[in-house]
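Numbering of the sequence shown is given in the working numbering, commencing with residue 558 and proceeding in unit increments. Don't be surprised by glycine CBs; every beta carbon is placed ideally from N, CA and C.
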Amino acid sequence: MLLTLAPLVEVVDYPVSGTTRFNAVFDSALTAAAVLLPVLGRLKATKLTGPNRIGRPMTSRKETADYLLEQLGHVEEIRAKRMFGEFGIYAGDKFVAVLCDDELFIKATAGGRAYFPEVIERAPFPGAKPWLFVPGDRWEEREWLCEFVEITARELLPVVPKRRARRLRPGSN
558 MLLTLAPLVE VVDYPVSGTT RFNAVFDSAL TAAAVLLPVL GRLKATKLTG
608 PNRIGRPMTS RKETADYLLE QLGHVEEIRA KRMFGEFGIY AGDKFVAVLC
658 DDELFIKATA GGRAYFPEVI ERAPFPGAKP WLFVPGDRWE EREWLCEFVE
708 ITARELLPVV PKRRARRLRP GSN
């Protein structure tokens with residue numbers, strides 16, 4: 558569907574992906590602001606980083622993270638933290654997995670590779686190192702998934718708290 562707002566802006570709605578793109582040419586910043594403010598309120602963030610990601614939602618759904626945490630309920634101190642529209646999965650204070658585009662990636666460790674020999678290693682997002690991809694059908698196997706996360710957590714180094722920088726007081730060098 559093509560909609561024209563003022564002669565300066567062309568807005569294109571893509572009903573399949575639920576995203577909106579616009580092309581604009583402006584002669585002043587005030588015209589741009591007056592025309593684009595209503596349009597910007599309707600935009601949804603999308604990843605346009607690869608051929609398989611165009612038009613897909615940028616964030617993982619909270620329902621997916623909740624389901625994953627339910628499946629990982631036997632892991633001690635398991636929690637999810639929202640990070641840049643995705644979720645980081647923590648076992649205690651160790652960052653063990655990430656949920657990107659509703660897909661689970663576990664940190665690559667020797668024990669994890671040995672436990673899941675047919676693992677697919679791939680990057681959860683462009684520019685990242687390869688992680689161990691866990692297909693959705695394996696999420697149903699609660700004991701297997703919990704053991705996989707626990708093996709990974711055991712192999713990761715403990716988190717060392719950062720020292721806070723000392724403040725310089727006025728007048729001291």
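Item to check | Start-to-end residues for the alpha helix (DSSP H) that takes in K651 | outcome: K651 -> not in any alpha helix (DSSP H); beta strand (DSSP E) instead, spanning 651 to 657.
Item to check | Residues that DSSP places opposite I677 in a beta bridge | outcome: Under DSSP, I677 takes part in a beta bridge, and its partners are F690.
Checklist entry - Less than 7 Å separating the beta-carbons of K664 and V676? => result For the 7 Å CB-CB criterion, K664 and V676 do not form a contact.
Checklist entry - Which residue from E698, E707, F641 puts its Cα closest to that of T666? => result Residue E707 is the option with its Cα nearest to T666.
Checklist entry - Secondary structure at R711, three-state DSSP: helix, strand or coil? => result Helix.
Checklist entry - According to DSSP, what are the bridge partners of R636? => result Beta-bridge pairing links R636 to Y647.
Checklist entry - For the alpha helix (DSSP H) that contains L661, what are its first and last residues? => result L661 -> not in any alpha helix (DSSP H); beta strand (DSSP E) instead, spanning 660 to 663.
Next on the checklist: If you measure between the beta carbons of F690 and F662, is that distance less than 7 Å?
Outcome noted: Result yes, Cβ atoms of F690 and F662 sit closer than 7 Å.
Checklist entry - Taking DSSP as the reference, what is the three-state secondary structure of G669? => result Helix.
Checklist entry - If you run the structure through DSSP and keep just helix, strand and coil, what is T621? => result Here T621 sits in helix by DSSP.
Next on the checklist: Can you look up E704 in the DSSP assignment and give me helix, strand or coil?
Outcome noted: Here E704 sits in helix by DSSP.
Checklist entry - Rounded to a whole number of angstroms, what is the C-alpha to C-alpha distance between A680 and G693? => result A direct Cα-to-Cα measurement between A680 and G693 gives close to 16 Å.
Checklist entry - For L656, which of K619, P674, G630 has the nearest alpha-carbon? => result Per the Cα distances, K619.
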